[in-house]
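To keep things clear, I will list the structure first and then write my remarks on it.
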């Protein structure tokens, strides 16, 4: 990955040939499970929406799981305004935790876990969640209990960034197995994983296009 994030210039340079596929509400899909709203209340109106093609692939992924194990959406679509709020808050936290970083270093560090809606020079970026192409997902059992992944998604800003990485070392055998199982199932139906976040997958956005060698993305920024 060489430090690439969805906000990196090489990713953002990939053109978008918007296919105008609609957003759909996963709470209306009986084949999939949706968790409670994420910890940020501003996401609640939108978090369960994704592009139609993303929904179809999530259904395919669910069909690959063993009986009694379920794919559950943690978060899907985010408006540009919510994405901006999350990035600004995270950037402020990074600057507080690492006061020796320059503004540019703090910006780059922040983009490792929260995509930036714009660059320091004001150029507009396209965060994956604001396209409806990205999903944060986990596996749960029949009771709705999240399987052991070594951490809860909601704790992403309170744990060492290395713990968020898909191939984090030092996990328990169960946590390693569950992360790999989720990764295998999602990749089999066409998603790509963002390696800095074991829970984040996308299909059709610029990051996906870069990872699979497609010349263009099919999903750009969209308003719900």
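Numbering (my numbering), first residue to last: 9 to 232.
Heads up, the beta-carbon is just placed ideally off N, CA and C, and yes, glycines get one too.
From a predicted model like this one, the values you see are computed outputs, not experimental measurements.
Item to complete: Check the C-beta distance from residue 183 over to residue 156 and give it rounded, since I have them as a contact under 8 Å.
Response: The residue labelled residue 183 in the question sits at position 175 within the chain shown. The residue labelled residue 156 in the question sits at position 148 within the chain shown. Right, the Cβ-Cβ distance comes to about 5 Å (below 8 Å), so this counts as a contact.
Worksheet item: To the nearest angstrom, how far is it from the Cα of residue 199 to the Cα of residue 174?
Response: In the chain shown, residue 199 corresponds to position 191, counting from 1. In the chain shown, residue 174 corresponds to position 166, counting from 1. For residue 199 and residue 174, the distance between alpha carbons rounds to 14 Å.
Worksheet item: On the three-pair Cβ rule with 8 Å, is the stretch 139-154 touching the stretch 206-217?
Response: Enough Cβ pairs lie closer than 8 Å, so yes.
Practice prompt. Assess, as a yes-or-no matter, whether the stretch 36-46 is touched by the stretch 76-86 under the definition of 3 or more beta carbon pairs within less than 8 Å.
Written response: The stretch 76-86 vs the stretch 36-46: in contact.
Worksheet item: What do you get for residue 90, buried or exposed, if any count of 16 or more other CB atoms within 10 angstroms of its CB means buried?
Response: Taking the chain shown and counting its residues from 1, one reaches residue 90 at position 82. So residue 90 ends up on the buried side.
Practice prompt. Check the DSSP bridge columns for residue 31 and list the partner residues they point to.
Written response: The residue you call residue 31 lines up with position 23 of the chain shown. Answer is 59, bridged to residue 31.
Worksheet entry | Reference residue 147; option with closest CA among 12, 207, 38 and 18 | Against the chain shown, residue 147 aligns to sequence position 139. Among 12, 207, 38 and 18, the Cα nearest to that of residue 147 is on 207.
Discussion item. Pop quiz: residue 72 and residue 193 are said to be a contact at Cβ under 8 Å. What is the actual Cβ separation, rounded to whole angstroms?
Written reply: Along the chain shown, read from residue 1 onward, the residue named residue 72 stands at position 64. Along the chain shown, read from residue 1 onward, the residue named residue 193 stands at position 185. The beta-carbon separation of residue 72 and residue 193, rounded to 5 Å, stays under the 8 Å limit for a contact.
Discussion item. Whole angstroms are fine: how far does the CA of residue 153 sit from the CA of residue 7?
Written reply: Given that the chain is displayed from residue 9 to residue 232, the structure contains no residue 7 and the question cannot be resolved.
Discussion item. To the nearest angstrom, how far is the alpha carbon of residue 130 from that of residue 11?
Written reply: What you label residue 130 is simply residue 122 of the chain shown in a count that begins at 1. What you label residue 11 is simply residue 3 of the chain shown in a count that begins at 1. Cα to Cα, residue 130 sits roughly 22 Å from residue 11.
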